[in-house]
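Note that the numbering used here has the sequence shown beginning at 1164, numbered continuously upward.
These notes are about the structure you will find just below.
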Amino acid sequence: VQLQASGGGLVQAGGSLRLSCAASGTIFSSDNMAWYRQAPGKQRELVAAFTSGGSTNYADSVKGRFTISRDNTKKTMYLQMNNLKPEDTAVYYCNVRRNFGAIRDYWGQGTQVTVSS
């Protein structure tokens, strides 16, 4: 699986961005897909994810502002980010986690999101 993230950029506080993550290769229905982010000097953190049951999960800091979605026909995952804040500034990564007895993570290359105050 190869993942290509795009859609990052520079935006003012209160603005919006939509990130995309296009996957090549086979995506299984049992794969978990998620967005993570990593700010300078901080650990990578989970932003939003599809759970194995098909529901969604969000970090408390983005609830009500970010929406994760996917288009299975295009093998693309999205992250709609509204009301962006300077603390959302980070490199955003898409992730596919596969568990066929052993967990394997696939990562995109990351896309930079910068929110100015």
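Beta carbons: idealized from backbone N, C-alpha and C, even for Gly.
These figures come from a predicted structure and were not determined experimentally.
Check, Outcome
"Along the chain, where does the beta strand (DSSP E) that runs through Ala-1212 open and close?", "1208-1213"
"Go ahead and pull the three-state DSSP assignment for Ser-1224.", "helix"
"Buried or exposed for Asn-1262, going by 16 or more other Cβ atoms inside 10 Å?", "exposed"
"State buried or exposed for Ala-1168, treating a residue as buried only when at least 16 other CB atoms are found within 10 Å of its CB.", "buried"
"Report the option in Gln-1175, Gly-1170 and Ala-1186 whose CA atom is closest to the CA atom of Trp-1270.", "Ala-1186"
"Per DSSP, what are the beta-bridge partners of Ile-1231 in this structure?", "Leu-1242"
"Based on DSSP bridge pairs, tell me the residues matched to Asp-1268.", "Arg-1260"
"Whose CA, out of Thr-1239, Ser-1224 and Lys-1238, lies closest to the CA of Asn-1245?", "Ser-1224"
"Around the C-beta of Ala-1253, are 16 or more other C-beta atoms found within 10 angstroms, so that it is buried, or is it exposed?", "buried"
"Is the beta carbon of Leu-1242 closer than 8 Å to that of Gly-1178?", "no"
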